[in-house]
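> Going from the sequence shown to the working numbering is simple: count from 1 and add 76. Glycine included, every Cβ here is placed at the ideal spot set by N, Cα and C.
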Amino acid sequence: MNITTFEISFVSEEQDLDSIIVSIEILRRRLADLVERKGNLDPEVLAASQELDDALNEYYKRIEH
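Structure follows, in structure tokens:
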């Protein structure tokens, strides 16, 4: 399966923690796939990395409250 075919939108306010965790895992796999194919500095890799960071930040924000 080609992970880059998934379109993962930023984690929404309505998602529960379990679905956020699933989103994070999909984003992590997508990022790993992109890095392997395109290298660390490709703009698509950087965008995917930022998207994963945003999802992780949302997760940590929710578990702290």
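#1: Determine the direct distance from the alpha carbon of S99 to that of D92, and round the result to whole angstroms.
#2: Where does Q164 fall in DSSP's three states?
#3: Taking only three categories from DSSP, how would you classify N116?
#4: Can S125 and L107 be called in contact, C-beta distance under 8 angstroms?
#5: Taking 8 angstroms as the threshold (C-beta atoms), are L103 and A131 in contact?
#6: Taking buried to mean at least 16 other C-beta atoms within 10 Å of its own C-beta, is L117 buried or exposed?
A quick look at the data gives this:
#1: 11 angstroms
#2: Residue 164 is absent from the model: the chain starts at 77 and stops at 141.
#3: coil
#4: yes
#5: yes
#6: exposed
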